[in-house]
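**Student:** Here the sequence shown is numbered in the UniProt record's numbering, starting from 1 and rising by one per residue.
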Amino acid sequence: MTKANEIVQGASALPAEIITLILQELDMHTLLVSAQRVCRLWTSLIRKTNSLQEKLFFKPICENSRSKRTFNPLLASKFSTFVPRNHCDLKGILPTNPREWIDLTMLDLLRDLTSTRRYLRADASWRKMLIQQPPATTLGYISENFSLGEFTLGKPLPIKDKGLRMGTFFGWILSRPNCNFAEGSGVSVFFGGPLPANTPLFNSGGVLERVYTQIVAEHDVILFVRDGSTPECVRGKEGKSEDEMVRDYIHWCCEDAGIPLQDLPLENFERGPDGGLVDYQSAALGMR
Numbered sequence: 001m002t003k004a005n006e007i008v009q010g011a012s013a014l015p016a017e018i019i020t021l022i023l024q025e026l027d028m029h030t031l032l033v034s035a036q037r038v039c040r041l042w043t044s045l046i047r048k049t050n051s052l053q054e055k056l057f058f059k060p061i062c063e064n065s066r067s068k069r070t071f072n073p074l075l076a077s078k079f080s081t082f083v084p085r086n087h088c089d090l091k092g093i094l095p096t097n098p099r100e101w102i103d104l105t106m107l108d109l110l111r112d113l114t115s116t117r118r119y120l121r122a123d124a125s126w127r128k129m130l131i132q133q134p135p136a137t138t139l140g141y142i143s144e145n146f147s148l149g150e151f152t153l154g155k156p157l158p159i160k161d162k163g164l165r166m167g168t169f170f171g172w173i174l175s176r177p178n179c180n181f182a183e184g185s186g187v188s189v190f191f192g193g194p195l196p197a198n199t200p201l202f203n204s205g206g207v208l209e210r211v212y213t214q215i216v217a218e219h220d221v222i223l224f225v226r227d228g229s230t231p232e233c234v235r236g237k238e239g240k241s242e243d244e245m246v247r248d249y250i251h252w253c254c255e256d257a258g259i260p261l262q263d264l265p266l267e268n269f270e271r272g273p274d275g276g277l278v279d280y281q282s283a284a285l286g287m288r
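Printed below as a string of structure tokens:
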């Protein structure tokens, strides 16, 4: 018997309660990948133990407080401009909160072709992960055309699957028609609620500011799309930004794998008397 086999047998001989306590002390990546390669018993315990599934962000925790949230650290490292790290303080809506645009070129799945294929499998574990604990259950949508002074609000239909999963979130952002990632446009994610994280101040005053504050307070996650801003991007040979080319490449890879990305249907946040969408307009849209 090899030394490795002896170690595996010794690990399997421990009581399940002791093994679970050991597994609880592992970091998320080790628990997800390495620990499940030790033996079938460990794999079974990890997949069937509620506390371990919560630690891996597969199962929602039983917690109703929206002010005490923990962002998924593994997703934050692999999808860095989609999910913030946990040192992002819940400071409310402040002018000092920096605006961070989504940068598709920073995605870990672009490291090489092998990584791309591994990430974009239909059964990839990241797709099933919650982006935060307690899980995000409400989504908001803000679209601003800076040059025209139009400000449109909406929200997707209610989230299913016991919270917002990264696969749904990723597909929604990359499939929104106006999330084109073109030069002069920007896509950003805010995390709202009673104590918002990374949410900049909207200082135009009047109905726009009130509605903006309302949608941030009422939604766990807000997708903000700006057309007419000037984020830094480099134009490619085909006249597209690098982010646009990455988006098109990801769509092609997903189509090739038979798992096309899908948008979420939206319902209007507010409608006019005729049932049509209200376009809020302001001469000075003061987003910082």
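From the three backbone atoms N, C-alpha and C, an ideal C-beta is built for every residue, glycine too.
Only counting the same chain, and skipping five residues up and downstream in sequence, which positions put a Cβ closer than 7 Å to that of T230?
**Tutor:** For T230, the pLDDT reaches just 46, beneath the cut-off of 50, and the residue's location in the model is therefore unreliable, although a value from the coordinates is still provided. So the list reads G184, once near-sequence residues are dropped.
**Student:** According to the neighbour-count rule (16 or more other Cβ atoms, all chains shown, within 10 Å of its Cβ), is R69 buried or exposed?
**Tutor:** buried
**Student:** In three-state DSSP terms, what is L23?
**Tutor:** helix
**Student:** Grouping DSSP H, G and I as helix and E and B as strand, with all else coil, what is Q36?
**Tutor:** helix
**Student:** Nearest CA to the CA of V225: which residue from R121, E100, D256 and I259?
**Tutor:** E100
**Student:** On the DSSP bridge list, what partners appear for W101?
**Tutor:** Secondary-structure assignment with DSSP links W101 through a beta bridge to S188.
**Student:** In three-state terms, what does DSSP make of E209?
**Tutor:** helix
**Student:** Quick check on A76: does DSSP put it in helix, strand or coil?
**Tutor:** helix
**Student:** Please say whether S175 and D263 have beta carbons closer to each other than 8 Å?
**Tutor:** yes
**Student:** Quick one: residues in its chain with C-beta nearer than 7 Å to the C-beta of A136, no 5 flanking neighbours on either side, listed in chain order?
**Tutor:** G163, L164, D220 and V221
**Student:** Judging by CA-CA distance, which residue of K240, F181, G239 and T168 is the nearest neighbour of W126?
**Tutor:** T168
**Student:** Using only the alpha-carbon positions, how far apart do G193 and E209 sit?
**Tutor:** 16 Å
**Student:** Relative to the C-alpha of I19, which residue among T81, A35, F181 and M129 is closest?
**Tutor:** A35
**Student:** Have a look at Y141 and G258 and give me their C-alpha separation to the nearest angstrom.
**Tutor:** One C-alpha to the other measures close to 28 Å.
**Student:** From this set, R118, S44 and L104, which residue's C-alpha is nearest V246's C-alpha?
**Tutor:** Shortest Cα-Cα distance from V246 to any of R118, S44 and L104 involves L104.
**Student:** With distances taken between CB atoms, is the gap from L52 to L21 smaller than 8 Å?
**Tutor:** no
**Student:** Mind reading off the beta-carbon distance from D243 to F181? Whole number of angstroms is fine, and I expect it under 8 Å.
**Tutor:** 4 Å
**Student:** By the 10 Å Cβ neighbour count, where 16 or more other Cβ atoms means buried, how is C179 classified, buried or exposed?
**Tutor:** buried
**Student:** For T138, which residues in the same chain have their Cβ closer than 6 Å to its Cβ, ignoring the five residues on either side in sequence?
**Tutor:** H219 and D220
**Student:** Kindly indicate which three-state DSSP category C233 falls into: helix, strand or coil?
**Tutor:** At C233 the pLDDT is 48, less than 50, meaning the model places this residue with poor confidence; the figure from the coordinates comes in the next sentence. Coil.
**Student:** Out of curiosity, what's the CA-to-CA distance linking A16 and L45?
**Tutor:** 8 Å
**Student:** Note down the Cα distance separating I61 from I173, rounded to an integer number of angstroms.
**Tutor:** Answer to the nearest angstrom: the Cα atoms are 25 Å apart.
**Student:** Looking only at its own chain, which residues have a Cβ that is under 6 Å from the Cβ of F57, when we skip the five neighbours before and after it?
**Tutor:** N72, M129 and L130
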